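Asks:
In the numbering used here, the protein residues as written are 245 to 582.
(1) If you run the structure through DSSP and keep just helix, strand and coil, what is residue 442?
(2) Could you compute how far the alpha carbon of residue 356 sits from the alpha carbon of residue 339?
(3) Can you tell me which residues form a DSSP beta bridge with residue 407?
(4) Hey, how far is the Cα of residue 324 from the Cα of residue 350?
(5) List the endpoints of the continuous alpha helix (DSSP H) containing residue 396.
(6) Would you mind sorting residue 419 into buried or exposed? The rule is 16 or more other CB atoms within 10 Å of its CB.
(7) Report the option in 519, 524, 455 whose CA atom is closest to the CA atom of residue 500.
(8) Can you check the region 471 to 554 for any alpha helix (DSSP H) of at least 4 residues that lies completely inside it and give the ranges in chain order?
(9) Once DSSP output is grouped into helix, strand and coil, what is the label at residue 302?
(10) What is the DSSP secondary structure of residue 349, counted as helix, strand or coil?
(11) From residue 468 to residue 334, what distance separates their C-alpha atoms?
(12) Would you kindly check if the distance between the Cβ of residue 343 and the Cβ of residue 546 is under 7 Å?
(13) Consult DSSP for residue 560 and reduce its assignment to one of helix, strand or coil.
(14) Quick check on DSSP: helix, strand or coil for residue 567?
(15) For the candidate residues 470, 490, 515, whose alpha-carbon lies nearest to that of residue 558?
(16) Cβ atoms of residue 403 and residue 453: under 7 Å apart, would you say?
(17) Relative to the alpha-carbon of residue 524, which residue among 538, 539, 505, 540 has its alpha-carbon at the smallest distance?
(18) Return the first residue and the last residue of the alpha helix (DSSP H) that residue 325 is part of.
(19) Alpha carbon to alpha carbon, how far is residue 385 from residue 431?
(20) Can you round the beta-carbon distance between residue 502 and residue 464 to whole angstroms, since I take them to be within the 8 Å contact cut?
(21) Would you call residue 565 buried or exposed, if buried means 16 or more other Cβ atoms sit within 10 Å of its Cβ?
(22) Give a yes or no on contact between the region 426 to 441 and the region 468 to 481, applying the rule of three or more CB pairs nearer than 8 Å.
(23) Which first and last residues belong to the beta strand (DSSP E) in which residue 376 is found?
(24) With a threshold of 8 Å on Cβ separation, who are the neighbours of residue 531 within its own chain once the five nearest residues in sequence on each side are excluded?
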């Protein structure tokens, strides 16, 4: 029985034919017995496996390294990156756009609110960064296509997309209006899909790129706000779908799942008016003792969108101070009861 048995197909032998596959170092597919020939080559370049499933002696050229650039220490992490960040007019999105620009990226601020979007651009430019504003409502696929075309016309071909734009009414099922449900799904899930759908063919033509979606811990477990939670769960699954389907095109797709983040959005503003200590109280639920700051999310996005994460794809990364790992308040209550 052969170690690398695969279906026989016509071939001229040990060549990189359309039917040949690359044997990873030390790996035997459909392993039945250990292949001593392969074991002896654990730390050597990959070999071509022929149609009989035998190890060939002819090595394939190294794969493209468009996402594995050896950067010098004084080179910015995102030197050469052209990023599109949606919903970058305030809060987390503005922080992400500013952080990417500070690390060398040229940034297209894609925002439906023009005044806020241009304010983000001004802040980046004042800090010696490079940025442009493009207006679009991400629930409109045609507007998204036009905005991405405009961004690339101004900055060049985009190799990083950050889907940050979001919306929530923070309601419950019992009192939720039908239009609120549809609005949250439309912005948070459909809008993310529209942006991905527009950028994928462009990245395929260029040999790859990175996509980072802002999901939520609400997409992993239920913490209230059902329509938002359903949409973010969809974003996580969409992330895995894109990573799986387009990985061979050199496209990586990951998600960041924040917990509570201290921002200036209207929901938090209303909550703070009702309870000025809301953030301190929420901090009790997080093992690290605080809610996130926008920069916590921006740093995670920057990493996942960079060459440093070249072999990371399909991940939903919690940036939640350890909340999904365990509920401190609940644990404390159980201990007190015991």
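All C-beta atoms, glycine included, are put in the ideal place defined by N, C-alpha and C. In this text, all values refer to a predicted model and were calculated from it rather than measured experimentally.
Replies: Judging by the given coordinates:
(1) helix
(2) 17 Å
(3) 457
(4) Taking the straight line from one Cα to the other gives about 8 Å.
(5) 385 to 399
(6) exposed
(7) For the residues 519, 524, 455, the minimum Cα distance to residue 500 belongs to 455.
(8) Taking only runs of at least 4 residues, the alpha helix (DSSP H) segments lying wholly in the region 471 to 554 are 510 to 518, 522 to 527, 538 to 548.
(9) Caution applies to residue 302, whose pLDDT of 43 falls short of 50 and renders its modelled position unreliable; the model cannot decide the point.
(10) coil
(11) Rounded to whole angstroms, residue 468 to residue 334 spans 24 Å at the Cα level.
(12) yes
(13) strand
(14) Helix.
(15) 490
(16) yes
(17) 505
(18) Unbroken run through residue 325: none, as it is neither H nor E.
(19) Separation of residue 385 and residue 431 (C-alpha to C-alpha, rounded to the nearest whole angstrom) is 11 Å.
(20) Not quite, the Cβ-Cβ distance comes to about 11 Å (not below 8 Å), so this is no contact.
(21) buried
(22) yes
(23) 374 to 379
(24) When the five nearest sequence neighbours on each side are left out, the beta carbons in the same chain lying within less than 8 Å of the beta carbon of residue 531 are those of 565, 566, 567, 569, 570, 572, in order along the chain.
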